[in-house]
Amino acid sequence: QKEVEQNSGPLSVPEGAIASLNCTYSDRGSQSFFWYRQYSGKSPELIMSIYSNGDKEDGRFTAQLNKASQYVSLLIRDSQPSDSATYLCAVNLYSGGGADGLTFGKGTHLIIQP
Amino acid sequence: EAGVVQSPRYKIIEKKQPVAFWCNPISGHNTLYWYLQNLGQGPELLIRYENEEAVDDSQLPKDRFSAERLKGVDSTLKIQPAELGDSAVYLCASSFTQGSEQYFGPGTRLTVT
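Protein sequences, first through last, are from chains A and B.
The letter at position 52 of the first sequence is residue 52 when you use the numbering used here, and the numbering goes up by one with no holes.
One gets the numbering used here by counting positions in the second sequence from 1 and adding 1000 to each.
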């Protein structure tokens, strides 16, 4: 059973601060990890992908992966009100047939307070 | 570059009626996915295509759901007959290859009354 766990929130962060979003996954065969942002009534938008242990930075976003601890995180620096959304963690498991479809967490609702 | 296109954006039908959703993936993307998203949940995979072959349809309720991807490009997802519990957002996504980044279309919001 593939599971991806996220704290549903809401997570409230003051504008300009760092928002930290966390995700754990159950299957050690997982090899690709993604963060999606979803505004209310919209579809998921890919913001970060990470494939190897360590940090990956893209603008104000940093993804962190620790495969030994089965843990993925997303840091958002200098948080803006426009960052208020639901953030979905997604994991791609590789089975005998290749990469499966993504398994998503339920998402963390992030609120940036002006 | 055009993104994933889906139609219709909204659909309201009565239970027991059929409904179909259409998806056009990003040009050059060989892998196409259909997901279902209920309110407050993450998307759940229904079916995955590699070109025109359905390589993972284990989560597709085959008694009422069907899908096809003719010529390995556009895809159609059909429900017949629809049930009240099918009300959800149906998302199509595509990726260049399996395991690479997936990009989602705007989705179709289905309401079954």
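Every residue, glycine too, gets a C-beta built ideally from N, C-alpha and C.
Keep in mind the model is a prediction, meaning the values are calculated, not measured.
From the listed residues A:Glu57, A:Val91, A:Pro114, the smallest Cα separation to Pro81 (chain A) is found for A:Pro114.
Considering only B:Pro1061, B:Leu1077, B:Trp1034, the residue with the shortest C-alpha distance to Gly1085 (chain B) is B:Pro1061.
Annotation for Ala19 (chain A): the continuous beta strand (DSSP E) segment containing it runs 19-25. Contact check for Tyr51 (chain A) and Ala85 (chain A): beta-carbon distance about 24 angstroms, past the 8 angstroms limit, so the pair fails to qualify. Fewer than three pairs of CB atoms, one per stretch, sit closer than 8 angstroms, so the region 55-73 of chain A makes no contact with the region 99-109 of chain A. Between Tyr71 (chain A) and Gly29 (chain A), the gap from beta carbon to beta carbon reaches 8 angstroms or more.
Non-local beta-carbon contacts of Gln31 (chain A) in its own chain, meaning distances under 6 angstroms to residues more than five positions away in sequence, involve Tyr94 in chain order. Within chain B, Tyr1033, Leu1045, Arg1048, Asp1056 have C-beta atoms less than 7 angstroms from the C-beta of Gly101 (chain A), given in sequence order. About 6 angstroms separates the CB atoms of Leu1091 (chain B) and Gln1037 (chain B); that is less than 8 angstroms, so the two are in contact.
In terms of CA proximity to Ile1047 (chain B), B:Ala1067 leads the group B:Asn1024, B:Tyr1010, B:Ile1026, B:Ala1067.
Counting of Cβ neighbours within 10 angstroms places Asp1056 (chain B) among the buried residues, the total reaching 16 or more. Our two residues, Lys1078 (chain B) and Phe1021 (chain B), have alpha carbons roughly 6 angstroms apart in a direct line. The secondary-structure analysis by DSSP pairs Leu74 (chain A) across a beta bridge with A:Leu21, A:Ala63. Gln1098, Gly1099, Glu1101, Gln1102, Tyr1103, Phe1104, Gly1105, Pro1106, Gly1107: these are the residues of the region 1093-1111 of chain B whose beta carbon lies less than 7 angstroms from some beta carbon of chain A, given in chain order.
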